[in-house]
Amino acid sequence: MSENFIPVNAPLLDGNEKKYLQECINTGWISSQGPFVKRFEEDVASYVGRGFATACSSGTAALDIAVSALKLKNGDEVIMPSFTIISCAQALVKQGVKPVLVDSDLQTFNMKVEDIEAKITPKTKAIMIVHIFGLTVDVDPIIDLAKKYDLKIIEDAAQMLGQEYKGRKCGSFGDISVFSFYPNKQVTTGEGGMVLCDDKELDKRAKGLRNLCFTQDRFVHEELGYNYRMTNLQAALGVAGLEKIEKIVEKKRWIGKLYNGLLKDIEVINLPLEKTDYCENIYWVYAITLKDKYKKTAKEVMQELSNHKIGTRPFFYPMHKQPVFNKMGLFVDESLPNSEKLYEKGFYIPSGLALSEEEIHKVSEVLHKVL
Ligand SMILES: *Cc1c(COP(=O)(O)O)cnc(C)c1O
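Following the numbering used here from start to finish, the sequence shown increments by one per residue and tops out at 1041.
Right, here's the structure in full:
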């Protein structure tokens, strides 16, 4: 990456990261057996208010574990948004579970809760909620539906550590909930994830699945699992990161609000909502959509921004349009217009924790020039 390029994300490792990593090396504890793993699990569980936590190798791994642990099986259906990362859908598809997709709201980017009930069938076993970009899903009506139809909730809170819905922490709403600790997430372990729940049996299954479903009789297996363990080195970064969570959330909101002020006079774009009735934006990423009247696509604008040394990322490509799923006969000819439009019109701009005020001003200047 050339000098002066402002990347879409740069992590900030300015706490006890080095000290804790040094401790791993000094003690020789570098594998998943080291003490930081348990400590990180306890810290996150207690921060979010959950009974049990299982640290694992990625958010994608956490979703695999969540779906397996709930014992969803061939022929079951799970309702989820089309506008999300493939990790959510593939966790289901790989286990023969059918994702049933709902469209998303153009302003909040989250699944249209009002569209869920019509998609419930006798085969529906769960609703997968995914909080997108900074605003939470409207969770309460989904909890009501889950109660009414006896469905599980899988919560993907990968982007939402530190965010709250009506004052309750994200990661606390699923029968099973997951986080990711990829470097663009609030807390990072380089690669990493976590599964949270309150049910002892479910937790036991999650921990088994993480570690090849070993039994008391080592090397005798009753079920198939994964090696999705997190290392002590990764957990050391996680513990250091979580210690700074309040500051991290504050910085995210500071970046978002600074952009809001600087970009509000650009006529051809929609800025992210500052808040909804139930949450205040945490600006996991600063997500922009181009207005209908503007002729260029997000792709063209992102290229121009890149020419000006500003990093961006496109929005998610909807699940129902994914060639890999269409080739399997899934979602063929399905139409979910909002999620398609979001992909065409949306992109996000630098919003990582290491971003400086000067860089934010530079991004704003270039956006004014290009748009
Ligand atoms: C980042 C992310 C994931 C995947 O996490 P990885 O750690 O990259 O595997 C899953 N879901 C959502 C919503 C994400 O943003």
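Using N, Cα and C, we set each Cβ at its ideal position, and we do this for glycine too.
Leaving aside the five residues before and after proline 811 along the sequence, list all residues of the same chain whose C-beta is less than 6 Å from its C-beta, in chain order. Within the same chain, and ignoring the five residues on either side of proline 811 in sequence, the residues whose Cβ sits closer than 6 Å to its Cβ are Val783.
Given this structure, state the Cα-to-Cα distance separating leucine 1012 from threonine 697, to the nearest angstrom. If I take the Cα positions, the gap works out to 49 Å.
Where does the unbroken alpha helix (DSSP H) through glutamate 1027 begin, and where does it stop? Taken as a continuous stretch (DSSP letters only), the alpha helix (DSSP H) holding glutamate 1027 covers 1027 to 1040.
Just the C-alpha distance for serine 702 and valine 763, rounded to the nearest angstrom, thanks. One C-alpha to the other measures close to 28 Å.
Which parts of the segment 878 to 937 are runs of the alpha helix (DSSP H), unbroken and 4 residues or longer, counting only runs that do not cross its ends? Whole alpha helix (DSSP H) segments, 4+ residues: 902 to 912 and 915 to 933.
Inter-residue spacing [alpha-carbon to alpha-carbon] between glutamine 777 and glycine 860: Going from the Cα of glutamine 777 to the Cα of glycine 860 covers about 31 Å.
Any beta carbon of chain B sitting closer than 7 Å to that of lysine 839? Although the question refers to chain B, the structure presented lacks it and comprises just one protein chain.
Between aspartate 773 and ligand 1, is the CB less than 6 Å from at least one heavy atom? No, ligand 1 has no heavy atom inside 6 Å of this Cβ.
Leucine 821 and isoleucine 846 closer than 7 Å at C-beta: For leucine 821 and isoleucine 846, no; Cβs fall outside 7 Å.
Are three or more beta carbon pairs between the segment 993 to 1002 and the segment 921 to 941 nearer than 8 Å? Three or more Cβ pairs closer than 8 Å define a contact, and the segment 993 to 1002 falls short of that threshold against the segment 921 to 941.
Tell me, which residues are paired with proline 942 by DSSP? Partner(s): none; proline 942 has no beta bridge.
Can you tell me whether arginine 709 is helix, strand or coil according to DSSP? Three-state result, arginine 709: helix.
Taking the straight line between their C-alpha atoms, what separation do you get for lysine 927 and arginine 880? For the pair lysine 927 and arginine 880, the Cα-to-Cα distance works out to about 39 Å.
Run the proximity test for valine 800: is its beta-carbon closer than 6 Å to any non-hydrogen atom belonging to ligand 1? Valine 800 Cβ: within cutoff of ligand 1.
Beta bridge counterpart(s) of glycine 1022 as assigned by DSSP: Beta-bridge annotation (DSSP): glycine 1022 is not paired with any residue.
For glutamate 1068, which of helix, strand or coil comes out of DSSP? In the structure as shown, the chain starts at 671 and stops at 1041, and residue 1068 therefore has no counterpart that could be examined.
Does any heavy atom of ligand 1 sit closer than 6 Å to the C-beta of tyrosine 852? Relative to ligand 1, tyrosine 852 has its C-beta within less than 6 Å of a heavy atom.
Does the distance from the CB of isoleucine 786 to the CB of isoleucine 824 come in under 7 Å? In this structure, isoleucine 824 does not lie closer than 7 Å to isoleucine 786 by Cβ.
Count the other CB atoms, across all protein chains shown, that sit within 10 Å of the CB of leucine 773; report buried if there are 16 or more and exposed otherwise. According to the sequence displayed, residue 773 carries aspartate and not leucine. Per the 10 Å Cβ criterion, buried.
Alpha carbon to alpha carbon, how far is valine 890 from threonine 982? Give it in angstroms, no decimals. Rounded to whole angstroms, threonine 982 to valine 890 spans 48 Å at the Cα level.
Does ligand 1 have a heavy atom nearer than 6 Å to the CB of alanine 1044? Because the chain in this structure spans residues 671 to 1041, residue 1044 falls outside the shown range and cannot be described.
When burial is assigned at 16 or more other CB atoms within 10 Å of the CB, is asparagine 780 buried or exposed? Per the 10 Å Cβ criterion, buried.
First through last residue of the alpha helix (DSSP H) which encompasses phenylalanine 849: For phenylalanine 849, there is no enclosing alpha helix (DSSP H); the residue is found in the beta strand (DSSP E) stretching over 846 to 850.
Could you check the C-alpha separation between arginine 888 and leucine 882 for me, to the nearest Å? Their Cα atoms are separated by approximately 11 Å.
Excluding sequence positions up to five away, which residues of its chain have a Cβ less than 7 Å from the Cβ of phenylalanine 675? Take phenylalanine 675, set aside five residues on each side of it, and the residues of its chain with a beta-carbon closer than 7 Å to its own are Lys979 and Gly981, in chain order.
Classify aspartate 962: buried if its beta carbon has 16 or more other beta carbons within 10 angstroms, exposed otherwise. Exposed is the call here.
According to the Cβ coordinates, are valine 714 and methionine 830 closer than 7 Å? Not in contact: valine 714 and methionine 830 (Cβ atoms no closer than 7 Å).
Around the Cβ of valine 707, are there at least 16 other Cβ atoms within 10 angstroms (buried) or fewer (exposed)? By the neighbour-count rule (16 or more Cβ atoms within 10 Å), valine 707 is buried.
What is the rounded straight-line gap between the Cα of proline 681 and the Cα of asparagine 897? Near 27 Å, if we compare the C-alpha coordinates of asparagine 897 and proline 681.
Restricting to Cα atoms, I'd like to know which of Leu815, Ala725, Ser716 and Gly721 is closest to leucine 903. Nearest C-alpha to leucine 903: Ala725.
From the DSSP output, which residues share a beta bridge with aspartate 826? DSSP output for aspartate 826 lists Val800 and Val848 as bridge partner(s).
Are there 16 or more other CB atoms within 10 angstroms of the CB of serine 976, so buried, or fewer, so exposed? Counting Cβ neighbours within 10 Å, serine 976 comes out exposed, since fewer than 16 surround it.
Is isoleucine 755 a contact residue of ligand 3, with contact defined as CB to any heavy atom under 6 Å? No copy of ligand 3 appears in this structure; the ligands present are ligand 1.
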